[in-house]
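Q: If you scroll down you'll find the structure; I have some questions about it.
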Amino acid sequence: TEFPERLHFLLHEAKRTKQDNIITWLPCGKIFRVLDHCRLERELLPRHFVSGTWRSFTKQLRLHSFKRLESDAFSHPYFLRDDPSMVHAIERRVRTKP
9 TEFPERLHFL LHEAKRTKQD NIITWLPCGK IFRVLDHCRL ERELLPRHFV SGTWRSFTKQ
69 LRLHSFKRLE SDAFSHPYFL RDDPSMVHAI ERRVRTKP
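Counting from 9, one number per residue, gives the positions in the sequence shown under our numbering.
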């Protein structure tokens, strides 16, 4: 889906533009961490997503089955720094109404 692709691109751009003090991959390449929520909301999210809020961002992570680890680090088995083609395997969960 579109969200994982945009997120992968955002992480790539953050490193390229030296904004990886806001959001960055951990050395293993399987986990990313948000280091500065305020700057992420103000500087990066609006350029990559329609809704540029932290709340919307974390909701999208949950809907795409990302796991939240300690200290605002997130992972998904198919979200890998060195294999961006895997993001296409990430599916958005469909919410069912009771």
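By construction, the Cβ of each residue, glycine as well, lies at the ideal position given by its N, Cα and C atoms.
Small disclaimer: the values here were computed from a predicted structure and weren't measured.
Go ahead and pull the three-state DSSP assignment for R89.
A: Looking at R89 - three-state DSSP - the assignment turns out to be coil, as it is neither helix nor strand.
Q: Rounded to the nearest angstrom, how far is the Cβ of E78 from that of G60, given a contact under 8 angstroms?
A: Going by Cβ atoms, the distance from E78 to G60 rounds to 25 angstroms, so no, they are not a contact pair.
Q: So F82 packs on F17, CB below 8 angstroms; how close in whole Å?
A: That pair is no contact at about 16 angstroms.
Q: Would you mind giving the Cβ-Cβ distance between G37 and R89, rounded to the nearest angstrom? I have them listed as a contact below 8 angstroms.
A: About 4 angstroms; that satisfies the 8 angstroms criterion.
Q: Identify every residue that forms a DSSP beta bridge with K42.
A: Here residue 42 turns out to be Val, not Lys, going by the sequence shown. I31.
Q: Could you tell me the alpha carbon to alpha carbon distance between V95 and W62, rounded to whole angstroms?
A: Near 21 angstroms, if we compare the C-alpha coordinates of W62 and V95.
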